[in-house]
Structures are given as structure tokens and as C-alpha cells.
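Residue numbers (my numbering), protein chains in the order written: chain A, 3 to 329; chain B, 3 to 329; chain C, 3 to 329; chain D, 3 to 329. From the three backbone atoms N, C-alpha and C, an ideal C-beta is built for every residue, glycine too. Comments concern the structure below.
There are 4 protein chains.
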Amino acid sequence: MQLGMIGLGRMGGNIVRRLTKAGHHCVVYDRNSAAVTELAGEGAGASSGLADMVAKLEAPRIVWVMLPAGGPTESTIQELSGMLKSGDIIIDGGNTFYKDDIRRGAELKTKGIHYVDVGTSGGVWGLERGYCMMIGGAKEAVDHIDPILAALAPGIGTIERTPGREGHDPRPEQGYIHAGPIGSGHFVKMVHNGIEYGLMQAYAEGFDILKNKNSTDLPENERYDLDMGDIAEVWRRGSVISSWLLDLTAMALIEDGTLSDYPGEVADSGEGRWTVNAAIEEAVPADVLTAALFARFRSRQDHTFGEKLLSAMRFKFGGHTEFKKKD
Amino acid sequence: MQLGMIGLGRMGGNIVRRLTKAGHHCVVYDRNSAAVTELAGEGAGASSGLADMVAKLEAPRIVWVMLPAGGPTESTIQELSGMLKSGDIIIDGGNTFYKDDIRRGAELKTKGIHYVDVGTSGGVWGLERGYCMMIGGAKEAVDHIDPILAALAPGIGTIERTPGREGHDPRPEQGYIHAGPIGSGHFVKMVHNGIEYGLMQAYAEGFDILKNKNSTDLPENERYDLDMGDIAEVWRRGSVISSWLLDLTAMALIEDGTLSDYPGEVADSGEGRWTVNAAIEEAVPADVLTAALFARFRSRQDHTFGEKLLSAMRFKFGGHTEFKKKD
Amino acid sequence: MQLGMIGLGRMGGNIVRRLTKAGHHCVVYDRNSAAVTELAGEGAGASSGLADMVAKLEAPRIVWVMLPAGGPTESTIQELSGMLKSGDIIIDGGNTFYKDDIRRGAELKTKGIHYVDVGTSGGVWGLERGYCMMIGGAKEAVDHIDPILAALAPGIGTIERTPGREGHDPRPEQGYIHAGPIGSGHFVKMVHNGIEYGLMQAYAEGFDILKNKNSTDLPENERYDLDMGDIAEVWRRGSVISSWLLDLTAMALIEDGTLSDYPGEVADSGEGRWTVNAAIEEAVPADVLTAALFARFRSRQDHTFGEKLLSAMRFKFGGHTEFKKKD
Amino acid sequence: MQLGMIGLGRMGGNIVRRLTKAGHHCVVYDRNSAAVTELAGEGAGASSGLADMVAKLEAPRIVWVMLPAGGPTESTIQELSGMLKSGDIIIDGGNTFYKDDIRRGAELKTKGIHYVDVGTSGGVWGLERGYCMMIGGAKEAVDHIDPILAALAPGIGTIERTPGREGHDPRPEQGYIHAGPIGSGHFVKMVHNGIEYGLMQAYAEGFDILKNKNSTDLPENERYDLDMGDIAEVWRRGSVISSWLLDLTAMALIEDGTLSDYPGEVADSGEGRWTVNAAIEEAVPADVLTAALFARFRSRQDHTFGEKLLSAMRFKFGGHTEFKKKD
């Protein structure tokens with residue numbers, strides 16, 4: 003199958019590689035021409051810009067946009083919408099907010115252009131393991147691009163089958179789902195990331211409690227000398243909390259159980275925030291997902307204004323040995 | 003009435019002053035003899051040690067221990083228990099864990115000595131405003147020391163009466179309660195402090211959100227220039243969230259709306275922790291009180307081990323521009 | 003001064019009463035003509051609709067809209083904007099989202115009409131105590147309506163002055179502030195309500211811990227028989243956690259310490275949610291305010307889907323005596 | 003190797019089976035003689051009581067106690083300690099609080115009896131998958147029972163090796179660790195369960211947000227019809243959040259996406275609580291693990307007293323349509 007790919011960063015580039023390997027033909031474009039040249043050398047067709055790409059694709063054209071969410075994606079899709087024809091398909095594979103999908107899909111529909119949103123998980127491991135994909139869009143369009151999705155997905159692999167899946171949609175077992183109409187792919191991916199934050203924070207807090215049990219602040223008879231790497235490793239083997247995130251944790255901890263080279267200022271992207279916003283819209287209590295997000299906010303600050311205010315109140319009621327810095 | 007006071011720190015000293023002013027006679031002792039001399043100069047009787055104090059009091063003796071919770075209080079009460087007689091009363095006015103009260107009360111009971119636990123709120127403002135007191139112990143003992151409690155309490159003052167209190171125990175309106183048997187005074191005081199942490203954190207977070215709305219990180223048209231001191235002040239006047247803690251907040255913010263002299267490393271004492279432990283024992287969800295406690299824990303650290311682990315996981319799944327420090 | 007009031011519910015009606023008492027003249031309108039008649043009987047001028055009201059006001063006209071946020075307020079302001087002239091002032095006294103204020107203010111500005119947003123706290127107590135007001139808008143407009151604001155505000159009353167306020171804007175001490183440009187009044191009010199949720203939840207959790215210490219599920223020697231009403235009362239007197247919300251708590255608990263007549267399904271309005279959204283936009287950790295919001299969400303449900311999923315996982319890993327309902 | 007097993011419930015019985023299959027000889031006892039008979043039929047040696055078991059074991063004796071934590075375990079170990087000799091080994095495989103291990107270990111040490119605490123994860127899946135074990139105790143004792151531990155552990159199986167483990171202790175890769183001195187096994191297992199609660203709650207909240215996106219309370223154009231089972235399945239395949247708990251989730255959701263047969267009243271055991279207590283002792287912020295615990299507490303109640311208090315406050319400030327039940 004033929005596909006245009008706009009954006010050849012780590013994700014876009016590897017998607018092209020995986021598709022090429024599977025026998026699909028990709029026409030590629032990136033502002034950075036070196037990236038285009040590199041992939042052309044691996045079998046992709048080069049293009050010099052959006053118009054050139056569109057000219058090189060046969061109708062109905064399929065164009066996958068793999069750019070940072072927000073401005074870059076928005077303007078590219080805007081530009082493409084003036085070049086594509088009725089029946090063509092735009093795929094947004096980035097981390098777009100699902101309400102933006104819905105708006106865009108409605109705009110493109112007036113021109114007969116299909117819009118498909120694809121949330122992908124797998125990161126740099128995707129080239130090798132395949133990409134887990136959550137897809138929103140019209141059945142007609144999602145069915146049309148199925149060969150591409152099937153090639154990108156990890157497939158059933160060595161992962162055990164869930165009892166009772168016989169007779170159900172086979173795609174989830176292959177690693178991709180058609181979640182529903184436009185926006186639903188990114189919505190499901192958004193919640194996926196929200197959960198990811200929660201899981202990561204659960205491990206983080208647990209290992210923090212283990213680590214501090216080694217603290218020399220504790221009396222000697224209440225202190226252990228726990229090996230972080232060994233603990234992560236043993237939990238990978240038959241325990242209830244084994245997971246891929248734990249596999250990564252074990253990798254990091256065997257290298258250095260103190261993690262002293264890691265900064266501990268933890269970024270967050272839109273999805274974690276939007277997940278909490280969605281919980282609020284739906285009136286769903288989401289204490290864990292939210293606490294995980296806030297822990298990241300806090301990790302990037304020295305002292306919050308709120309903490310200074312706590313100090314100030316304590317100073318004012320005066321029963322505490324809280325002093326102003328200048329004292 | 004006659005009372006022995008052991009421990010002449012800010013709290014103990016001011017309690018003696020307030021009692022002396024009310025016509026009671028205090029025999030005082032502190033390891034620091036200057037503190038004894040100072041209060042003797044204000045009308046109290048000096049004593050040179052526990053035995054001397056006990057000798058100077060008439061039976062049934064009332065001895066108020068106002069020392070740091072834990073070791074100092076424990077050993078003093080231990081020593082006193084060998085000197086006092088059946089019918090005498092020991093008052094622990096410190097921040098003792100209520101289960102320690104229960105244990106001690108049972109030990110002293112074997113000698114016929116009464117034990118009364120008094121949780122006090124009011125800090126350095128208590129000399130002037132009076133002390134809000136929560137008291138546990140046998141009815142007989144608590145009734146006996148009532149003149150002392152009444153003198154320490156703030157009284158009804160200018161605070162409006164709660165409709166419907168007629169016919170109820172008059173003491174709560176005066177600012178002290180007999181909460182129940184031994185330990186219950188400190189239990190109620192413990193929860194009081196747990197609530198205090200929650201209230202403080204609620205204000206802290208709210209002002210943090212206000213303050214950050216002034217941030218130059220925001221686009222100019224989404225930014226305000228809110229005056230923290232004025233906002234605290236206006237909320238003192240007829241708003242739903244007016245409180246004494248807000249009064250203190252307003253005091254701090256009018257001096258310096260940036261609070262830049264306050265460190266923001268916020269101590270916590272046992273009560274906040276024990277409150278969460280009690281919630282867990284009772285299976286009561288206490289998300290707010292606990293989050294307030296954890297915010298204090300976090301405020302005293304640079305980066306947690308947990309945060310470093312988050313960085314490490316992100317580095318390992320590699321889709322993120324998270325770098326090790328040495329990179 | 004002359005003012006038109008649209009919306010004569012509890013808030014609007016009482017604002018008119020307080021203004022009338024202070025010598026201002028209000029022309030009033032409400033869909034419910036009985037409300038108009040009632041206030042006309044108390045000295046206000048009746049009007050039969052928006053056009054009639056506008057005709058009865060002298061330029062520059064001041065129209066206060068006191069309607070439910072969202073649709074009703076939006077359509078009324080829309081309609082008014084076609085009737086008013088340059089220099090007139092629309093006040094939105096409802097619970098509008100501050101970004102809606104900003105949008106509306108920009109639209110009205112094209113016609114030269116001023117828009118002032120007034121967040122008010124005080125509820126039904128405002129008629130008697132006065133309203134605490136947070137105001138956003140152009141200086142010119144806010145200054146023009148100052149006599150109205152001053153009349154509505156509680157004034158300094160018996161509340162002690164904050165040391166150091168001399169030389170500062172006198173309005174906050176009277177109970178109203180000009181927070182900044184359009185939207186800032188409702189922004190500050192929004193955070194006020196966010197804090198309110200946090201404070202309420204802190205008291206709620208604390209009393210829950212106290213109440214459950216009386217539980218007959220506990221062994222007899224670990225159980226107390228604490229009096230909720232007395233505890234609330236004593237904390238009003240000199241304690242660090244005294245507040246107006248505690249005053250209300252004491253009122254409720256003296257009537258019935260079990261609170262058995264209260265449903266415990268707790269509504270939330272937009273402000274609490276928007277406060278969390280604002281925290282997320284600003285990357286401010288707001289664990290307590292969010293937990294307070296989520297506790298309300300949870301209070302209105304029987305069992306969440308999430309809880310059922312926990313049961314299902316436990317059933318599947320099978321080490322637990324978790325059974326399906328049908329078992 | 004020879005081992006005595008006391009307690010033949012699901013865990014104890016399956017441990018015996020797995021050991022028997024591996025060629026070890028178990029002498030078994032349970033209050034329920036049917037359980038003894040059943041295992042005797044599968045190759046174990048029966049015993050009629052503790053004394054009989056001890057008599058049937060060769061020195062140094064190894065006795066594994068697999069009983070409910072607390073009373074039953076305590077009294078059994080107490081009894082055993084009178085029968086065993088210096089050099090014998092007691093293994094506590096239950097869910098004991100690690101401070102109880104430390105106390106017991108010290109008591110047994112006076113008699114020269116070794117105490118080994120083994121925290122196990124794996125539940126009913128352990129017979130087939132093997133048990134993940136975290137072990138505390140003296141090196142000498144832990145080394146002595148290594149053949150038993152190795153037989154119970156899952157072994158390396160098909161789980162990929164963590165790069166860099168070469169040259170490290172090989173046991174963690176086999177699924178068991180010697181964590182440190184007495185108590186450390188249960189300490190690590192305790193934190194394991196704390197993490198488990200956090201992970202489970204993260205999934206629970208995420209699926210709750212997904213499920214409520216299908217709610218007919220939402221406007222039709224903001225609503226999806228997401229398939230819970232398909233989403234769980236797709237995340238098992240190459241996503242960042244794949245895990246064994248997600249495998250179980252997929253099993254439950256493919257059977258019934260509404261989970262309507264599950265009660266949603268979620269039990270908790272000591273470990274989750276002790277983990278939070280440990281966090282508090284160490285001053286480690288553990289917001290996620292605690293929120294997960296509190297969600298379980300809340301799930302088992304109708305309305306909390308705290309929620310009723312929120313209703314009461316709202317009723318009292320009266321600006322809200324909150325009514326008492328009787329109204």
C-alpha cells in the first residue's frame with residue numbers, strides 16, 4: 003500500500019521503516035532534508051514538500067502526519083486540506099487533544115476528506131516490538147488503511163491469549179483497535195498515558211519507601227540495606243506487579259541503585275493533564291492519576307509559593323521554631 | 003488553687019502567668035534556673051527540683067508537666083510517680099501520643115494517682131487570648147482542677163454563641179472540654195492538628211494558584227497582577243473562608259506579598275502523622291489531611307528517590323528527552 | 003445611585019434590599035413577576051423587561067445581571083448589549099467562568115460598553131453581614147460603581163485590623179477589592195471556592211476520624227464517646243482552626259451530632275472544577291483542593307466502575323475472597 | 003530436602019504440591035484433617051499435630067508456618083518454639099507485619115532457633131507459575147533452605163533477562179531474593195502490596211474515565227461507545243502500560259464489559275496500611291499509594307460522616323439547594 007509520511011522524527015522515521023520492511027511504499031517529507039535523504043536510502047520515496055508528496059500519491063491518497071501536536075500539526079493539516087481531494091485520508095498520528103480531532107474532522111468532512119486519529123504507544127521500542135495503536139475515525143477509512151495498521155502493530159507474538167476472545171474483533175489481539183468515531187483513538191491514548199503516570203508513580207513511591215528504609219537517619223536496628231536492583235528483578239518473576247515499566251525499572255536500577263545520574267525533574271505532556279480534565283468533566287474521582295500528575299509538577303520546582311505560605315503561617319502563630327530566612 | 007508547673011518554656015511560662023494573674027498560686031520548676039527566677043519575680047513560687055516542688059504543694063497535689071512529648075515527659079512522670087501519693091493529680095499538657103496517655107494512666111492508677119491529659123491550642127497567643135483545651139481523664143480529677151482550666155480558657159469573649167447551646171455543658175463555650183477518659187484529650191487535640199494541616203494546605207494551594215496567575219510564563223493576555231495581601235484581606239470580611247489562619251495569612255502577605263524571606267521547608271510534628279495513622283486504623287478515608295502531611299514531607303527534600311526513578315523510566319523507554327545528568 | 007438588577011433570586015433580591023436600605027435606587031426585573039412586585043413593595047422600581055428597564059435608567063446606565071452562569075447570563079448580556087450605549091456598564095455578579103468574562107468584555111468593548119465581573123461570597127448571610135466582593139474590570143468603570151460596592155460590602159465591622167494595612171488600598175478592609183482587569187474578579191472568586199472545598203473537606207475528614215473513634219467496631223478499651231457538638235464548639239474558642247465554617251459546623255452538630263438527616267451526597271459547582279483546571283494550566287500541585295473535589299464526586303455515586311474493576315482484578319488473581327455478586 | 007508445613011490452605015497446600023513435585027519431602031499438618039489426608043494422598047507425610055510433626059522431622063528441622071498473620075501464626079510459633087532445638091529453622095510464609103518478625107526473631111534467637119520470614123506473591127497462580135519470594139533472615143539459615151526456595155521460585159522461564167545482571171546474585175532472576183536480616187522479607191513484600199494497590203487503582207481510574215465517556219449523561223456528540231475489553235486487550239500488546247494486572251483486567255472485561263456482577267466493595271489487608279505507615283515513619287510522600295488505600299476504605303461505605311458534614315455545612319450557609327432528608 004502507498005502512504006505519505008510527513009515528519010520523520012524518531013516516531014515517523016521508524017514507522018516508515020517498519021512499513022517499508024513490510025512491503026508498503028512510503029513517500030516521505032520532513033523540513034529537515036537530511037532525514038528525507040536517509041529514508042530514501044532505505045527504500046522510501048523522497049518528496050520536496052507537501053505538494054510534491056500529494057502529486058506522487060495515487061488516489062485515494064493516504065497521508066500520515068507525525069508532527070508535534072498543536073501548531074505544527076494544525077498548520078500542516080490546514081495546508082493539506084487545500085491539496086487533497088474527496089475520498090483522501092489524513093491520519094494524525096501525533097499526541098493531539100481529542101477535541102481538536104473532532105473539530106478538524108468536521109472541517110475536513112465538508113470537503114469529503116477522511117480524518118483518522120491514531121494514538122500510538124511504544125516509543126523507540128516500536129520499530130522492534132511494533133506499535134500499540136488506538137484509532138478513531140469512520141469505519142470506511144479505518145478499514146481502508148487496515149493493511150498499514152496491521153503491519154505496524156506488534157501482532158500476537160508470544161503474549162498469551164486472553165481466554166474468551168474467540169469470536170471477538172481480532173484486531174485488539176494484534177495490537178490495534180478501532181475505538182470509535184473521530185477523536186476516540188486519541189481519547190483512549192490519552193487515558194493510556196494518564197494510567198501510565200499513575201503506574202509510574204506507584205512504583206516510584208514504593209521504591210522510595212524501600213530506599214529510605216536504608217537511610218542512616220533511622221536507628222541502626224530499624225534500618226535495612228535493601229538492594230534496589232535485586233528487588234526490581236525479583237518482582238519481574240511471578241509477582242502480581244510485574245509489568246513492562248518494572249522491566250525498565252530493573253534495567254535502570256541494576257546499572258546504579260542510587261539513580262544519582264537522573265535529575266528527578268519530571269516533565270509531563272498534555273495527555274496526563276487532559277486525562278484529569280476529562281475526569282473532572284465526567285465527575286469521575288481520579289485521585290491517583292491526579293496525584294501522579296501533581297508529583298511531576300512539584301518535582302520541577304524548588305519551593306512552591308504554597309510552601310512559603312505554610313512557613314509564613316507557622317511563623318505568625320509563633321508556637322513554632324520556623325524562622326524567616328533573614329533571621 | 004495551688005499548682006506545680008514543670009517546664010517553663012513559652013507554653014509553661016505563659017500558663018503560669020495567666021494562672022497567677024487569675025489568683026492561683028504556682029510552684030514552678032525548670033532545668034533552666036533563670037526561667038524559675040524570672041517567674042518567681044512575677045509571683046510564682048520557686049522550686050529547686052521535683053522533690054522540692056512536691057514538698058511545697060498541699061495534698062491533693064496537682065502537678066502540670068509541660069515538656070516535650072516523648073523522653074522528657076516520660077521520665078519526669080516516671081520520677082513524679084515515685085513521689086506523689088494516692089489522690090494526687092498529674093497533668094500532661096504536652097503533645098503526647100494518646101496511646102502513651104492510656105498506658106501511663108493505667109500505670110499511675112495502680113498507685114491511686116490521677117492522670118489528666120490536656121491538649122492545648124493557641125500557641126504564643128494563648129497568654130492574651132486564652133488557651134483552647136481538650137481534656138481527658140476521670141471525671142473526679144477533671145472536676146477537681148476545673149478552677150485552673152476555667153482560668154486558662156479564653157471564655158466566651160466576643161465570639162457569638164452557637165444557637166441551641168442552652169442546656170448543654172457550659173464548658174465548651176468557655177473554651178475547654180472534658181472529652182472523655184484518659185487519652186481522649188490528646189486524641190481530640192491530635193485530630194485538631196490534623197485538620198490544621200489540611201486547612202493550611204488548602205490556603206497554600208489556593209494562593210499558589212493565584213500567585214502563578216501572575217507568572218510571566220503565561221501569555222500576557224492570560225496573566226493578571228493579583229495582589230496577594232489584598233486578596234487575603236478581603237476574604238477576612240464576610241467571605242465563607244474567613245478564619246484565624248486567614249488572619250495570619252493576611253498579616254504575612256501585607257508585609258511582603260512574595261514571602262521571599264520564608265524558607266518553605268515545612269516541619270511537621272507527631273500529631274499530623276498520628277492523625278493519618280488513626281484514620282488508617284479506623285478505615286476512614288482522609289485524602290486531604292494526608293495530602294497536607296505529604297506536602298510537608300516533600301517540602302523538605304530536594305528531589306525524592308521516586309522522582310529520580312520516574313526520570314530513569316522515562317530515559318529507558320526513550321521516547322522522551324529526559325537525560326541523565328552526565329549527558 | 004441608580005442601578006438595574008436583572009434576576010431577583012435569593013442573591014439578587016437581597017442585593018437590592020441592601021442597596022435600597024443604603025439609599026440607592028434599584029430598577030428591578032425578573033421573569034417571575036411576583037419577585038418584581040415584592041421588591042417594588044420594598045421601594046425598588048419595577049420594570050416589565052429589559053427594554054423597559056433600560057428606558058428607566060439614566061445614562062451612564064448600570065445593569066447588574068444576577069442569573070445562573072452559562073446560558074441565562076449569556077443570552078441576557080447578549081440582549082442587553084443591543085440596548086445599551088457607549089459608556090454604560092454591565093455587571094455580571096454570577097458565577098461565570100473567568101474566560102467567558104474575558105471573551106464577553108472584548109465583545110462589549112467594541113460597542114464602548116463596560117463589563118465588570120463581580121464574584122461575591124456570603125450567601126444568604128450577605129443581606130445581614132454584607133457581601134465580600136472580588137471585582138474585575140477597567141478602573142474607570144469600577145471606580146464609577148464604587149458607591150454601590152461600598153454599600154454592599156460588610157465594612158470593617160468588629161473584625162480586627164491587620165497590622166500594617168495603613169497606606170494600602172482601603173477597599174479590602176471594607177470587604178471588596180478591585181482585583182484587576184476583566185475576569186480577575188471571577189478568577190479570585192473561583193479560587194476562593196476552590197479553597198472553600200479544601201477547608202470543608204479538612205473539617206469533614208477530621209470529624210469523621212473523631213466520629214469513628216466512637217465506633218462499636220473498635221475494642222471497648224480503644225473506643226471513646228466523643229461529643230461532636232462540644233468539640234466543634236470548643237475549637238471555636240481560641241484554637242488555631244477557628245473559622246466561620248467551623249461556626250456553621252458547630253451549629254449543625256449541636257442540633258444533631260449524628261447528622262443523620264443530611265444526605266451526604268455533595269454537589270459541586272463549576273468553581274471547584276475550574277480551580278483544578280487552573281492549577282493544571284499553571285502546573286501548580288493542588289492535591290488538597292483536588293482531593294476535596296473528588297470526594298464530592300465520589301459521594302454522589304453508589305459504586306464506581308473503577309471499584310468494580312478492583313473487585314474483578316482481585317477475583318481474577320484469586321488469592322482473595324472476593325466474590326462476584328451472583329456467587 | 004525435608005520440610006514441615008503447618009497450614010494447608012490454598013497457599014500452604016500448593017506450596018507442598020510444588021515442593022513434592024520437585025522431589026522434596028513434606029510433613030504436613032492442618033487443624034482440618036481432611037486437608038492433611040488429601041495431601042498425604044499426593045505424597046506428603048501426614049502428622050497429627052505439632053509435636054508429631056516435630057518428631058517426624060530430622061534435625062536441623064525446617065518448619066514452614068503458613069497461617070493467617072496475627073493470632074494463629076503467633077500462637078503456633080510460640081508453641082513450636084518450645085518443641086524445636088537450637089539450629090532448627092522456623093519459616094513464617096504468611097503476611098506478618100515486619101516488626102513482629104523482628105520481635106519474634108529476637109525471642110527465638112535466645113534459644114538458638116532461626117527465624118526466616120518469606121513474603122510470597124503469586125496467589126493461586128503460584129502452583130503453576132512459581133512463587134515470587136522475598137526473604138529475610140540470617141545468611142546461614144537462608145542458605146540452608148535454598149533448595150526449597152529454588153524449587154518454589156518460578157525460575158527464569160521465558161522472561162527476558164535484564165541487561166547487566168551478569169555477575170550479580172543469580173537468585174533474583176530465579177524469582178527469589180534474600181533481602182536482608184529478619185523482617186526484611188516481609189518489609190519488601192509489604193511495599194510490593196502497597197505498589198499493587200497503587201497500580202490497581204491507576205487502572206481502575208483510567209477505565210472509569212473510559213467507561214464514563216460512554217455515559218448517556220453526556221451530550222451525544224461528546225459521547226463514545228468504547229469497548230472496555232478491546233481496550234484492555236490492545237494495551238497488552240506493545241503498550242507502555244502492559245502488565246500482569248492488565249492481563250487479568252482483560253480477562254474480566256472480555257467476559258462482561260460492565261462488570262456488573264462485581265460488588266465494588268474492595269477489601270484491604272494489612273500490607274497496604276503498613277506501607278503508608280512506613281512512608282509516614284520515613285517522611286516519604288506517598289500520595290498515590292495512600293489514595294489507593296483510601297479509595298478502598300471509601301468503597302466499603304455508604305456515606306461517610308464526613309460527607310454528611312459537608313451537606314450540613316452547605317445547608318447552614320444556605321446558598322445551596324442542599325436539603326435535609328426530612329425536608
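Among the options, the one whose alpha carbon lies nearest that of residue i
| i | options | result |
| --- | --- | --- |
| A/Y117 | A/K141, A/V38, A/T260 | A/K141 |
| B/K215 | C/S88, C/N279, C/S313, C/D119 | C/N279 |
| A/D229 | A/G114, A/L82, A/S217, A/G200 | A/S217 |
| D/T306 | C/L312, C/K310, C/R298 | C/R298 |
| D/G185 | A/L52, A/R225, A/H194 | A/R225 |
| D/D210 | D/G259, D/E198, D/D32, D/I179 | D/G259 |
| D/V268 | D/L5, D/E175, D/L295 | D/L295 |
| D/P339 | D/A46, D/L86, D/G72 | Here chain D covers residues 3 to 329 and nothing more, so residue 339 of chain D does not appear. |
| B/L312 | A/V18, A/S83, A/M3, A/D263 | A/D263 |
Within-8 angstroms CB hit, residue i to chain E
| i | result |
| --- | --- |
| D/R300 | Considering every chain present, this structure includes no chain E. Its protein chains are A, B, C and D. |
CA-to-CA distance, residue j to residue i, given in whole angstroms
| i | j | result |
| --- | --- | --- |
| C/P74 | C/M135 | 22 angstroms |
| D/V126 | A/S241 | 12 angstroms |
| D/R238 | A/G177 | 8 angstroms |
| B/G132 | B/V56 | 27 angstroms |
| A/L212 | D/N97 | 18 angstroms |
| C/D270 | A/A288 | 16 angstroms |
| D/F319 | D/G107 | 58 angstroms |
| B/E44 | B/L201 | 38 angstroms |
| A/I179 | A/I137 | 6 angstroms |
Residue i burial status per 10 Å Cβ neighbour count (16 or more: buried)
| i | result |
| --- | --- |
| C/E324 | Confidence in C/E324 is poor, its pLDDT being 46 and thus under 50, which makes the residue's placement unreliable; the coordinate value appears in the next sentence. It counts as buried. |
| A/G308 | buried |
| B/G166 | exposed |
| A/G196 | buried |
| D/E207 | buried |
| B/S77 | exposed |
| B/E222 | exposed |
| B/T160 | exposed |
| C/T39 | exposed |
| A/D329 | Only weak support is given to the placement of A/D329: the predicted model assigns it a pLDDT of 39, under 50, and the value that follows is read from those uncertain coordinates. Exposed is the call here. |
Boundaries (first-last residue) of the beta strand (DSSP E) holding residue i
| i | result |
| --- | --- |
| A/W66 | 64-67 |
| C/Y178 | 178-182 |
| A/L5 | 4-8 |
| C/Y31 | 27-31 |
Residue i: first and last residue of the uninterrupted alpha helix (DSSP H) it sits in
| i | result |
| --- | --- |
| D/Y205 | 186-214 |
| D/T277 | 272-284 |
| C/Q303 | Segment: none, C/Q303 is in no alpha helix (DSSP H) and carries neither H nor E. |
| D/H170 | From DSSP, D/H170 is part of no alpha helix (DSSP H); its letter is neither H nor E. |
| B/S83 | 73-83 |
| D/D145 | 141-146 |
| B/G128 | 128-131 |
| D/Y117 | Where D/Y117 is concerned, there is no enclosing alpha helix (DSSP H), although the beta strand (DSSP E) it sits in stretches over 116-123. |
**Asked** Is the segment 240-260 of chain D close to the segment 244-261 of chain A, with three or more CB pairs under 8 angstroms?
**Response** Two segments are said to touch when three or more pairs of C-beta atoms, one from each, lie closer than 8 angstroms; by this definition the segment 240-260 of chain D touches the segment 244-261 of chain A.
**Asked** Are there three or more Cβ pairs, one per stretch, closer than 8 angstroms when the segment 19-28 of chain C is compared with the segment 140-159 of chain C?
**Response** Enough Cβ pairs lie closer than 8 angstroms, so yes.
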